[in-house]
Amino acid sequence: MKKVSLSFIFSFFSLIIFCQEEVKSFTVKFIEESIIADGALDEPIWEFAESANELWEYFPLDSIQAREQSEIKMLYDDKNLYIAIKASSVGKNYSLQSLKRDFRGSGSDSFSLVFDTFNDGTNAFLFGINPYGVRREALISNGGGDRRDFNLSWDVKWKGDAKMYDGYFTAEMIIPFTSLKFEEGSKKWRFNSYRVDTQSNERSTWTRIPQNQLIYNLAFMGDMIFEKPLGKSRTPLAIIPYINTLSQKDFTNNESLNDFNFGGDVKVSVGNSLNLDITVNPDFSQVEADDQVTNLTRFEVSLPEKRQFFIDNNDLFAGFGDQRDANPFFSRRIGIAEDTAGNTIENKIIGGLRLSGKLTKDLRVGLLNIQTAEDRVNEIASNNNTMIALQQRVFSRSNIGMFFINKQSFKEYDFVTREDEFNRVLGLDYNLASKQNRWNGKFFAHKSFSPDDNVGNIASGMNMRYNARNYNFYSKTVYVNEDFSSDLGFVRRTDIFKGILSAQRVFWPKSGPIQNHAFEIFPIFIWSPKNNFQNTDYEFRSAWSVNFNNQSQAELGMSNNYTYLFDSFDPTDTDGATPIPGNEGYHYNNVRANYQSDMRKIFSYSAETTLGRFFNGDRVSLETKMTLRIQPKAFISILLNYDQITLPDPYPSADIWLISPKIDLTFSKSIFWSTLIQYSNQRDNLGFNSRLQWRFAPLSDLFIVYNDNYFVNSFEPKYRSINLKFTYWLNI
194 MKKVSLSFIF SFFSLIIFCQ EEVKSFTVKF IEESIIADGA LDEPIWEFAE
244 SANELWEYFP LDSIQAREQS EIKMLYDDKN LYIAIKASSV GKNYSLQSLK
294 RDFRGSGSDS FSLVFDTFND GTNAFLFGIN PYGVRREALI SNGGGDRRDF
344 NLSWDVKWKG DAKMYDGYFT AEMIIPFTSL KFEEGSKKWR FNSYRVDTQS
394 NERSTWTRIP QNQLIYNLAF MGDMIFEKPL GKSRTPLAII PYINTLSQKD
444 FTNNESLNDF NFGGDVKVSV GNSLNLDITV NPDFSQVEAD DQVTNLTRFE
494 VSLPEKRQFF IDNNDLFAGF GDQRDANPFF SRRIGIAEDT AGNTIENKII
544 GGLRLSGKLT KDLRVGLLNI QTAEDRVNEI ASNNNTMIAL QQRVFSRSNI
594 GMFFINKQSF KEYDFVTRED EFNRVLGLDY NLASKQNRWN GKFFAHKSFS
644 PDDNVGNIAS GMNMRYNARN YNFYSKTVYV NEDFSSDLGF VRRTDIFKGI
694 LSAQRVFWPK SGPIQNHAFE IFPIFIWSPK NNFQNTDYEF RSAWSVNFNN
744 QSQAELGMSN NYTYLFDSFD PTDTDGATPI PGNEGYHYNN VRANYQSDMR
794 KIFSYSAETT LGRFFNGDRV SLETKMTLRI QPKAFISILL NYDQITLPDP
844 YPSADIWLIS PKIDLTFSKS IFWSTLIQYS NQRDNLGFNS RLQWRFAPLS
894 DLFIVYNDNY FVNSFEPKYR SINLKFTYWL NI
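Rendered as structure tokens:
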């Protein structure tokens, strides 16, 4: 009884310390001298700067100060924020994937700084550097409470470099105030930093963060106080033209095309806190190929947005609704359409604009308008795509948002039916984030409008998460009416009422190789309102997961499933096969296990297997990924995904393979060569994407991209292209 009482008292006082710990702060002094970002810290002015030090360990413990300490110093003038970093280390055996910008992962050494320039605990800018001087920048949204809130696709101009010495490395960074948005007259920003130290197997933060929170969570930050108030945020006019030459051949239609395109983007600063992005004849073709996936479900798979035009303040547009089941705006819908055969093809964009940012201290605004071109041959109308979004902060870190979406054709086409003339969605969301991020959640209600169809058409829902050190609870309900429609959104399925209620117990051993382990139950139920709330799906998951002190991880779980098929379905996607019958329910169970090795190692791997029933048959699945680093010049990986689906006659059985080797070569910090091969017999495609990139100036690139695709069975060519693309970022 005495042991239990002491343990309870220790936990109670640990909680009190985390909740009431004094806010750390330091002063950033104003200077008039110049600093060169060479990483050497040899300017005498650095002795004048105040230090932010005494970092806390985040991993493997969160209750002690960091074993390998770091020191951060900052100075500023009218144009730039200057940062110096000195980080102690046990050696020079630093880990990195490559010399390419925008690295990520706990398996690479890095030092990151997070700036909440509006002091709202909701959005922040991140700048990072590693011991080799490789840089990255990211946007953090929604308080940093989810891994999806970390976006490395954002690009901005700044300088930085690093140097390695015996027992430590140093870095210098120069961040122009023109690369940031902040309130005029700002006297302080909320700030935190975190370091990944692979040699000591330690992650540390300046402001103490409990391990049950993500390391970049914005609820836990200190203050950087400016010696004198900042002036206006004067973002320069940026012009980003492009030239793209393309030579391609479609072997299936025996069509060849040689094309030359030019256009570009313009970035305009509006006031202190708004961005206006303008695009004219944009080239939204991706020089980086999308990763193929094996899809054994009846539903569409969403892929992340990588196009720069949509990245800045993207959460303001894409954060409404439920990201999995009822997302009213999904920017990848813009610029694609279906031809007369139902194939997804590119729909050319004529131009557009995007205004986003802070209107007042607590009010964010977003306006997007993009016009797509008509394609009469493929019966695709010219559409105007508009979204207006408002987000008002309430309490400490929560907000209320509302939006209006309109997709509409302003011309009459004989191939456009009355019901497709326009689609509109109106919605209201409340996002909850408590001060210490123990509670967070969402409540939303959306309604769609189509010609002659304005009754019902509702999507609504809520979710709530309680995140504590030892117990985590999550609940969610989503309702999507059968007639709800968002042409610019991602709605996986309609006519559902979905419920989730999960619980997790986390254990933190005081000694031994295990850092923490947890038991979780995660039941999911779906009903069909249209069919008298018939239970159409349930999945009852249970799992035990373990994280080891050496950063390896493992999980063992099982699930009990039920699926009612209203329509027949072939999970193997075999041409001409007899699908599994509809109007019937299927019960099936499976077990799964996965393991991920220590990602700090030169060679690392992960593996996951699933065994059990699948509808009226059996399934054996294996997915493994192996990576090899030849530092710092090469990073080699291979993804192998195998699914054996065995169904009783006369239904199809299949061995589905997805094999994706990738080689990244970095000749320097400005020249990169990446080759991705993707073999998928489910899609009957063998694809090659090889890309040579020369970053000849900051955020300015020359790409040579070669794509080649073949049918798997016959190895006959399907599609081939070569691109030469030039982009240049010019600040005026």
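Just so we're aligned, residue 194 is where the sequence shown starts under the numbering used here, counting upward by one. The beta carbon of each residue, even a glycine, is placed where N, CA and C say it ideally should be.
By the criterion of a C-beta distance shorter than 6 Å, Y755 is surrounded in its chain by Y731 and H780, once the five residues flanking it on both sides are discounted.
With fewer than 16 other beta carbons inside 10 angstroms of its own, E605 counts as exposed. By DSSP's assignment, S299 forms no beta bridge with any residue.
P716 and I689 do not touch by the CB rule: their CB atoms are close to 16 Å apart, not below 8 Å. The residues L832 and Q871, in chain order, have a CB closer than 6 Å to that of S853 in the same chain once the five nearest residues on each side in sequence are set aside. Between K266 and W239, the CB-CB gap stays under 7 Å. With contacts defined as CB atoms closer than 7 Å, Q441 and L450 qualify as a contacting pair. Under the DSSP definition of a beta bridge, W399 lacks any partner.
P764 and G810 have their alpha carbons spaced roughly 11 Å apart. By the CB criterion at 7 Å, G338 and N520 fall outside the cutoff. By the criterion of a C-beta distance shorter than 6 Å, G649 is surrounded in its chain by N674 and D676, once the five residues flanking it on both sides are discounted. N728 and W720 have their C-alpha atoms roughly 4 Å apart. Taking the CA atoms as reference points, F683 sits about 32 Å from A747. Annotation for N507: the continuous alpha helix (DSSP H) segment containing it runs N507 to A511. For D390, the enclosing beta strand (DSSP E) starts and ends at K381 to D390. Between the alpha carbons of Y269 and E226 lies a distance of about 9 Å. Closest in alpha carbon position to R569, among D532, R590, T537 and V558, is D532. Taking 7 Å as the cut-off, the Cβ atoms of D416 and K381 count as close. Here N834 has T487, E816 and L851 as same chain residues with Cβ atoms under 6 Å from its own Cβ, once five neighbours each way along the sequence are excluded. In the structure shown, the three-state DSSP call for T371 is helix. Cβ-Cβ distances below 6 Å link F615 to Q601 in the same chain, with the five nearest sequence neighbours on each side left out; the list follows chain order. For K918, the closest C-alpha among the options Y899, S282 and L869 is that of Y899. Taking a C-beta distance under 7 Å as the contact criterion, T868 and S883 qualify as a contact pair.
In the three-state reduction of the DSSP assignment, W701 falls in the coil class, being assigned neither a helical nor a strand state. In the three-state DSSP reduction, S738 falls in the strand class (E or B). For K350, no beta strand (DSSP E) run applies, since DSSP gives it neither H nor E. T565: member of the beta strand (DSSP E) spanning L556 to T565, first to last residue. Rounded to the nearest whole angstrom, the C-alpha separation of Q290 and Q824 is 7 Å. Rounded to whole angstroms, the gap between the alpha carbons of L552 and G778 is 52 Å.
In the DSSP assignment, the residues bridged to V898 are R884 and N916.
A direct Cα-to-Cα measurement between A847 and D836 gives close to 8 Å.
If you draw a straight line from the Cα of P910 to the Cα of R876, it is about 14 Å long. Under DSSP, no beta-bridge partner is assigned to M792.
Judged by DSSP in its simplified three-state form, E247 adopts coil rather than helix or strand. In the three-state scheme derived from DSSP, where H, G and I count as helix and E and B as strand, S440 is classed as strand. Residue environment analysis places E365 among the buried positions, since at least 16 neighbouring C-beta atoms fall within 10 angstroms of its C-beta.
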